[in-house]
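Asker: What follows is a single structure, and I will ask about it in a moment.
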Amino acid sequence: MTEEEFDIFYASAFPRLVGRVYAVTGDLAEAQDVVQEAFVRAWDRRREMLADEAPEAWVRTVAVRLAVSRWRRSRRWLELVRHHAAPEHVPGPGPEHAALVQALRRLPQAQRTAIVLHHLCDLSVEQVASETGAAVGTVKARLSRGRAALAVHLGPGRNSGEKEGDRVR
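To convert, count from 1 in the sequence shown and add 19; that's our numbering.
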């Protein structure tokens, strides 16, 4: 089958096949997806397909098999999720977490990004530089300044109600 013949075949058969697979799945989007995937597979075999050998039946069979396979996969996933239910109670973030988030929000965006990528996402300084488009030296400076600012925001006495002037330095 030539590319032009395949295009004509696709244009005429796609709506019919979607309708038939929709009757099987009950989900129009799923039917469109599996028919499209079946046509992709047919495209790879188009040279072997002949117009008089019922290529529509082949595409329909592939689409239905794909739909059934997806249905089985989703059913298995649902069974797995049901057997491993989420814990009844998940504790919220603790005071340390809340204090860290609040302190990070006080940092300038560039410093906050460097701190989060390096210390929380475990990226190297070079990777942070690549990710942010900054020079390695700039990332090192942002990390240093960010850590210093976090030390001030998270330092001793911050959670006890002390004011900055009350602390002994």
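Think of the CB as a built atom: it goes at the ideal place given N, C-alpha and C, for glycine as much as any other residue.
1. Buried or exposed: which applies to residue 61, given that a residue is buried once 16 or more other Cβ atoms fall within 10 Å of its Cβ?
2. Taking the straight line between their C-alpha atoms, what separation do you get for residue 187 and residue 175?
3. What residues in its chain sit with their C-beta under 7 Å from that of residue 132, if we drop five residues either side in the sequence?
4. Could you give the distance in angstroms between the alpha-carbon of residue 126 and the alpha-carbon of residue 110?
5. Once DSSP output is grouped into helix, strand and coil, what is the label at residue 112?
6. Ordered along the chain, which non-local residues of its own chain (more than five positions away) have a Cβ less than 8 Å from that of residue 86?
7. Which residue from 140, 142, 68, 38 puts its Cα closest to that of residue 55?
8. Scan the stretch 28-76 and note each continuous alpha helix (DSSP H) run of 4 residues or more that stays entirely inside, going in chain order.
9. My understanding is that residue 169 touches residue 118, with C-beta atoms under 8 Å, so please give their C-beta distance in whole angstroms.
Answerer: Taking the coordinates as given:
1. Taking the sequence shown and counting its residues from 1, one reaches residue 61 at position 42. When all chains shown are included, residue 61 counts as buried.
2. The residue you call residue 187 lines up with position 168 of the sequence shown. The residue you call residue 175 lines up with position 156 of the sequence shown. Reliability fails at residue 187, whose pLDDT of 38 lies under 50, so the model's placement of it is uncertain and the value that follows must be treated cautiously. Near 10 Å, if we compare the C-alpha coordinates of residue 175 and residue 187.
3. Working through the sequence shown from its first residue, we reach residue 132 at position 113. Here the set comprises 151.
4. The residue given as residue 126 occupies position 107 in the sequence shown. The residue given as residue 110 occupies position 91 in the sequence shown. Using only the alpha carbons, I get a separation of about 27 Å.
5. Residue 112 sits at position 93 when you count from the first residue of the sequence shown. Reduced to three states, the DSSP call for residue 112 is coil.
6. Within the sequence shown, numbered from 1, the residue matching residue 86 stands at position 67. Closer than 8 Å at the Cβ level, and outside the excluded window around residue 86, lie 40, 43, 44, 49, 50, 53.
7. As a position in the sequence shown, residue 55 is number 36, starting the count at 1. Closest option to residue 55, Cα to Cα, is 38.
8. 47-63
9. As a first step, residue 169 must be located in the sequence shown, where it is residue number 150. As a first step, residue 118 must be located in the sequence shown, where it is residue number 99. Their Cβ separation, rounded to whole angstroms, is 10 Å, which puts residue 169 and residue 118 out of contact at 8 Å.
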